[in-house]
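Structure first, then comments.
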Amino acid sequence: MIYDDLQPSTARRTLTASTRLLGKLRLDGPLLLAISATAVFGLVILYSASGENFALTRGQFLRMCLGLVLLVLLAQASPKYLRMSAPWIYALGIVLLVIVAVIGDVGKGAQRWLDLGILRFQPSEIMKLAVPMACAWFLHERPLPPDLKVVLVLALLVLFPVGLIAEQPDLGTALLIGAAGVFVVLLAGLRVRVIVGTLALLPALAWLGWGLMHDYQRRRVLTFLTPESDPLGAGYHIIQSQIALGSGGVFGKGWMNGSQAQLEFLPERSTDFIFAVAGEEFGLIGLMLLVGLYLFIIGRGMYLAMQCQDTFSRLVAGSISLTFFVYVFVNAGMVSGLLPVVGVPLPLVSYGGTSMVTLMAGFGILMSLHSHRKLVGS
Amino acid sequence: MSNRVRIKDHWAEQRMFLRRTIAAGTVMALLIAAVLSKLVQLQVVRHDYYVDLSQGNRVRVEAVPPNRGLILDRNGLVLAENLPAYQLELTREQVADVDGSLKALVDLGLVLSDDVDRLKRLIRSRPLFEAVPIRLQLTDEEVARFAVRRHDMPGIDIRTRLTRHYPYGAVAVHALGYVSAISEQDLPHIDAREYAGTTLIGKVGVEASYERELHGSPGFRQILVNAQGRPMEGESPLRADLSSKTALSGNDLILSLDLRAQQAAEEALAGRRGAVIAIDPANGDVIAFASVPGFDPNGFARGLSRAEYAALEDSIDRPLFNRVLRGAYPPGSTIKPVMALAALSYAVVDPEQVRYCRGFFTLPGSSRRYRDWKPEGHGWVNLREAVAQSCDTYFYGVAQALGIDRMAAFLTKFGLGQRTGIDIDGEKPGLVPSREWKERTFPREGERVWFPGDTVILGIGQGYMLATPLQLAHVASLIAGHGTTFQPRLVTAVRNARTGEVRRLPPKPSPAVDPDEGSHWQRVVDAMVAVMNSAHGTARATAVGSTYQIAGKTGTAQVFSVGQSEKYNEKEVEERMRDHALFISFAPADAPRIAVAVLVENGGHGASVAAPVARKVMDAYLLPQAPAS
């Protein structure tokens, strides 16, 4: 290689230095870079989507920083410690969920919040990480693929919190947590015939779920199937977001030029429907870039998961990565009219603190599991 | 497979994880491809379509109100129809400042400043995107005045809408009722979806009671509008996707009214206050339904100003008051045929036996005189003559013999003191007094007792008893039918506006009154014929020249009571203190086709004032006439 003969350039030296620093901090460079890039892109979109609301964007930025700090801190934690604490975190989460169900605050018609005086937070956010960790902890010592008894216990571990959260009602979070748990079981090697059998049961479960749904959720499903049937009511979100996306075209209308978003036709444009703002202002190109970043994060996450050397680490890391995909897919799907409106934020971009912090924490755990692997292996 | 204790195999697990990761990757790739293809479809394939939408040129869903059903008389003459008219409408969604816009319209003279508050409330009570009518039936001049300023007023526009028109004006207005703008008070009672785009709603009469039949069901139309909300012309990729649903017209109503008889009734009462109602005893069909004075219902469909409404509401002649349905009057002597029948049923008199009338009646052991209308008395009269001459003294005696309990029971059987069940709302039940009623109603203990004198004057339809003209016509109908007849009704059939299919509504029988006692009925009918035709019959002048035989009974109801020794002088009494003139009748007497009740407020004598009115209605209905040119 001819480069070997040359003096290392300044750039190269800097790169080496930062790799060493990242290694010391037990962080994964490519993943951190992609996350940061996505988050910055998200701030740019948010600034426009919020109607150039600087205070709001700064607030989001500060929470992002808080998330990054949490990421770095969690990356230092040893996987063994994480594994041991998993059942306790899970138990704490369950207790908090039950407390919310009994005395929680009602916000926007749903009972999700727990008011601790200084801060209000949603215990369901804890469960986004606690559920996959608890499942992985339960599988850690057991031979894989899990047998039926183990699967049934896992199903209980997942369905109990999911049921509590769906009751609040917060269908989006329930879906994400359920997915996180299911991914652990699938990655653990759940037998193909069980998967096929469960899929065959889905229609029956769908029927059961329909019965349990709240009226507004049923309306959302029906509106999803025929949004044009109620153009002035529940179909309004989808129609407006499709207008935003469609009018953006390939190249977009330009930053802060999206008429749907700027003229406030688009509801919830800085939160759940921010994907439509991105599509209107940056076009198909911008969305491909955004989706590309997401896919890189997921791919890198799965790559790191595969390198993990123990069951717990592999399963948790894999589940975190795949759940991240669910965020992206469900949000993009619902904004573009492919899926019902279930209230899942666009990760790292949608305005809203708790979800951002949880995501960062997840990535912190993922990096910890990967960077500590030699210690575990030996 | 006997090895029950499985051992963790880390290598196998890792291979498994790899396989699952590959599978997950495949699934994710497929799902992302689905999202991307949806995005391509939205952002590339249908890009132009959405650009058009985002430029504020949008598809607006506009309700298409249904055509209100027509109302026809029994011969198919149109009594209520729909005509196009200009209407000023405001769509809140597109109006930046509702208060300012209304003020601008006031300055233009298109809206009265009195109405502004009411309009604001109305606008706020309807959905954002709905066009709320703020003025109905603009004149051409007003349309022109608005057109000049139209560009300054986004969200306000003039639309051509069908509005209600009553070609005969005030004719039969109290039967038809009227429509007027849907008010806040109406909103809780109607399904907002069914009334999207509809301006007018039936308020009283047939228009209100048959609102469900008349209204129909709205359709919708998607139209292209620009950012100001005005309909857009020209090519647009949006146009291909527009859809619509046609409105279903309301049903036409065929009434039992006969316009000729109706007009005869109203002309006969012109200049007076009163009511005429004519019913076919064979099915309850209302042939004429006149409450005079009336008013022009077209004003309500157009929207009355506060002053115009106040003029109607405050008029001493009470044109808005439906005297047929809601006017409760003492029936006076028109109740005597019923009393005669009661006397026969309970066998308290021998119809052929004559009694002497000396001009007044006294209760045993009392000196109080119950006077006959004829101070010198009628002399010797039997039942027939007592009815024919309307001898009060005879019926004072009948009443005393019957007693209040039997009288109250019999009057109640005759449908008095309760609603007849006519098919429009608002009917008053009138009043049949009884011991229990008096006990229940009067506040002071001393007044609660039923006095013998109360019984005596009830025999000639005075005192506490009240009946509506509608009930009196129903009584005449019952006598005509020898105890069987039908509930009065205005609507006989419903016609589907699209198919023309006519659905006839079956007549509803009223509770029968001893139909078997044929001889009693015939005796009473004969007595009523004698009213019209015998030498001393009170209404003999009215029957002169009639080609058919009429059975009738006159009545005069006191508006105020005359003291014991006073002499009642009609000329000296203020016009509004005069007696009400009443008349009930049916014809032909042997095969009745029409039963008529007439009330003329402060008309004086039933014989001279009310009976001729009934004759004119009967002539118009029963006699063949040259077709109107």
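Chains as they are written, first to last, in the working numbering: chain B, 1 to 378; chain Z, 1001 to 1629.
Note that the Cβ used here is the ideal one computed from N, Cα and C, for glycine as well.
Inset, instruction - Using the Cα positions of ARG142(B) and VAL182(B), report the straight-line distance between them to the nearest angstrom. - result: Residue numbering aside, residue 142(B) sits at position 142 when the first sequence is read from its first letter. Residue numbering aside, residue 182(B) sits at position 182 when the first sequence is read from its first letter. So the alpha carbons of these two residues sit roughly 17 Å apart.
Inset, instruction - Determine the chain B residues that contact GLU1013(Z) at a beta-carbon separation under 7 Å, and present them in chain order. - result: The residue given as residue 1013(Z) occupies position 13 in the second sequence. By Cβ distance, chain B contributes LEU144, THR311.
Legend entry - Expected contact under 8 Å - CB spacing of LEU1383(Z) and ALA1527(Z) to nearest Å: Taking the first residue of the second sequence as 1, we reach residue 1383(Z) at position 383. Taking the first residue of the second sequence as 1, we reach residue 1527(Z) at position 527. About 6 Å; that satisfies the 8 Å criterion.
Inset, instruction - Kindly indicate if chain Z contains any beta-carbon less than 9 Å away from that of ILE243(B). - result: As a first step, residue 243(B) must be located in the first sequence, where it is residue number 243. Cβ-Cβ to chain Z under 9 Å: yes for ILE243(B).
Inset, instruction - Assign GLN307(B) to buried or exposed, taking buried as 16 or more other Cβ atoms, counted over all protein chains shown, within 10 Å of its Cβ. - result: Working through the first sequence from its first residue, we reach residue 307(B) at position 307. When all chains shown are included, GLN307(B) counts as exposed.
Inset, instruction - Run the CB neighbour count on ASP310(B), radius 10 Å, all protein chains shown included, and call it buried at 16 or more, exposed below. - result: Counting from one through the first sequence, the residue named residue 310(B) turns up at place 310. Result: buried.
Legend entry - Inter-stretch contact (C-beta, 8 Å, three-pair minimum) for the region 1066-1086 of chain Z and the region 1162-1174 of chain Z: yes
Legend entry - TRP1437(Z) - containing alpha helix (DSSP H), residue span: For the purposes of this step, residue 1437(Z) is taken as residue 437 along the second sequence, with counting starting at 1. Looking at the DSSP string, the run of the alpha helix (DSSP H) that includes TRP1437(Z) is 1435-1441.
Legend entry - Cross-chain neighbours of ARG1020(Z) in chain B, by beta carbon under 7 Å: Counted from its first residue, the second sequence places residue 1020(Z) at position 20. In chain order: LEU186, LEU187, GLY189.
Legend entry - Proximity below 9 Å, CB of PHE324(B) to CB of ILE365(B): Numbered from 1 along the first sequence, position 324 holds the residue referred to as residue 324(B). Numbered from 1 along the first sequence, position 365 holds the residue referred to as residue 365(B). Not closer than 9 Å, so no.
Legend entry - Per-residue contacts from PHE329(B) into chain Z (C-beta, under 8 Å): Position 329 of the first sequence, counting from 1, holds the residue named residue 329(B). Result: MET1028, LEU1031, ILE1032, VAL1035.
Legend entry - ASP1052(Z) beta carbon near the ligand SAH (any heavy atom closer than 8 Å): Here there are no bound small molecules, and the ligand SAH is not part of this structure.
Legend entry - Beta-carbon contacts of VAL1529(Z) that lie in its chain and below 7 Å, excluding the five residues immediately before and after: For the purposes of this step, residue 1529(Z) is identified with residue 529 of the second sequence, where counting begins at 1. Excluding residues within five positions, the ones whose Cβ falls inside 7 Å are GLN1549, ALA1551, ALA1589.
Inset, instruction - Could you name the residues of the region 330-361 of chain B whose beta carbon sits closer than 8 Å to any beta carbon of chain Z, in the order they occur along the chain? - result: ALA332, GLY333, SER336, GLY337, LEU338
Legend entry - Top-ranked residue by Cα proximity to ALA174(B), from ALA39(B), ILE239(B), GLY23(B), SER124(B): Counting from 1 along the first sequence, the entry for residue 174(B) is found at position 174. It is SER124(B) whose Cα lies nearest to the Cα of ALA174(B).
Inset, instruction - Hey, could you find the ends of the alpha helix (DSSP H) THR1455(Z) is sitting in? - result: One-based indexing of the second sequence puts residue 1455(Z) at position 455. Taken as a continuous stretch (DSSP letters only), the alpha helix (DSSP H) holding THR1455(Z) covers 1452-1458.
Inset, instruction - Measure the C-alpha to C-alpha separation of TRP255(B) and GLU1308(Z) and round it to an integer number of angstroms. - result: Against the first sequence, residue 255(B) aligns to sequence position 255. Against the second sequence, residue 1308(Z) aligns to sequence position 308. When rounded, the distance between both Cα atoms is 59 Å.
Legend entry - chain Z contact for SER247(B) (CB, 9 Å cutoff): For the purposes of this step, residue 247(B) is taken as residue 247 along the first sequence, with counting starting at 1. Cβ-Cβ to chain Z under 9 Å: yes for SER247(B).
Inset, instruction - Would you verify that the beta carbon of ASP1009(Z) is, or is not, closer than 9 Å to some beta carbon of chain B? - result: On the second sequence, position 9 is the one that residue 1009(Z) refers to. Output row for ASP1009(Z): interface = yes.
Legend entry - Among VAL153(B), PHE61(B), GLU167(B), the one whose alpha carbon lies nearest that of GLN217(B): Stepping through the first sequence from its first residue, residue 217(B) is reached at position 217. Comparing Cα-Cα distances from GLN217(B) to each of VAL153(B), PHE61(B), GLU167(B), the minimum goes to GLU167(B).
Inset, instruction - Could you tell me the boundaries of the alpha helix (DSSP H) in which GLN1353(Z) lies? - result: For the purposes of this step, residue 1353(Z) is taken as the residue at position 353 of the second sequence. That residue, GLN1353(Z), is in no alpha helix (DSSP H); it is neither H nor E in DSSP.
Inset, instruction - Please report how far the alpha carbon of ALA1386(Z) lies from the alpha carbon of PRO1351(Z), in whole angstroms. - result: Looking up residue 1386(Z) in the second sequence gives position 386. Looking up residue 1351(Z) in the second sequence gives position 351. Between ALA1386(Z) and PRO1351(Z), the C-alpha separation is close to 10 Å.
Inset, instruction - Using alpha carbons as the reference points, say which of GLY343(B), GLY283(B), MET334(B), VAL316(B) lies closest to TYR1050(Z). - result: Stepping through the second sequence from its first residue, residue 1050(Z) is reached at position 50. Measuring from the Cα of TYR1050(Z), the nearest candidate turns out to be GLY283(B).
Legend entry - 9 Å Cβ cutoff, GLY1303(Z) in contact with chain B: Mapped onto the second sequence, residue 1303(Z) falls at position 303. It does not: the Cβ of GLY1303(Z) has no partner Cβ on chain B nearer than 9 Å.
Inset, instruction - Would you tell me roughly how many angstroms separate the C-alpha atoms of LEU129(B) and SER350(B), rounded to the nearest one? - result: As a first step, residue 129(B) is located in the first sequence; it is residue number 129 there, counting from the start. As a first step, residue 350(B) is located in the first sequence; it is residue number 350 there, counting from the start. Between the alpha carbons of LEU129(B) and SER350(B) lies a distance of about 19 Å.
Legend entry - Spatial distance of THR1021(Z) from ARG314(B) (CA atoms): Within the second sequence, the letter at position 21 stands for residue 1021(Z). Within the first sequence, the letter at position 314 stands for residue 314(B). Spanning the two alpha carbons is a distance of roughly 11 Å.
Legend entry - Short CB-CB distance (under 9 Å) between VAL153(B) and chain Z: To locate residue 153(B), count along the first sequence from 1; it is residue 153. By this cut-off, VAL153(B) is not an interface position.
Inset, instruction - Answer yes or no: does any C-beta atom of chain Z fall closer than 9 Å to that of PHE183(B)? - result: Position 183 of the first sequence, counted from the start, is the residue given in the question as residue 183(B). Yes, PHE183(B) counts as interfacial toward chain Z.
Legend entry - ARG1212(Z): contacting residues in chain B (beta-carbon distance under 8 Å): Reading the second sequence from its first residue, position 212 is the one you call residue 1212(Z). Here the premise fails: no neighbours, minimum Cβ distance about 25 Å.
Inset, instruction - List the residues of chain Z whose Cβ lies closer than 7 Å to the Cβ of PHE325(B), in chain order. - result: Indexing the first sequence from 1 puts residue 325(B) at position 325. Result: MET1028.
Inset, instruction - Indicate whether at least one CB of chain B lies closer than 9 Å to the CB of SER1125(Z). - result: Position 125 of the second sequence holds residue 1125(Z). So, not an interface residue.
Legend entry - ILE1479(Z) burial status per 10 Å Cβ neighbour count (16 or more: buried): Along the second sequence, read from residue 1 onward, the residue named residue 1479(Z) stands at position 479. Buried.
Inset, instruction - Could you pull out every residue in the same chain whose Cβ sits closer than 6 Å to the Cβ of GLY117(B), ignoring the five residues on either side in sequence? - result: In the first sequence, counting from the first residue as 1, residue 117(B) sits at position 117. Confidence at GLY117(B) is low in this model, with a pLDDT of 48, below 50, so its placement is unreliable and the value that follows should be read with caution. No residues qualify anywhere along the chain.
Inset, instruction - For TYR1210(Z), count neighbouring Cβ atoms within 10 angstroms of its own Cβ and tell me buried if that reaches 16, exposed if not. - result: The sequence position of residue 1210(Z) within the second sequence is 210, counting from 1. Buried is the call here.
Legend entry - Short CB-CB distance (under 9 Å) between ILE384(B) and chain Z: Absent from the structure is residue 384(B), since the part of chain B shown begins at 1 and ends at 378.
Legend entry - 4-residue-minimum alpha helix (DSSP H) runs that sit fully inside the region 1269-1345 of chain Z, ordered along the chain: 1298-1302, 1306-1314, 1323-1326, 1336-1345
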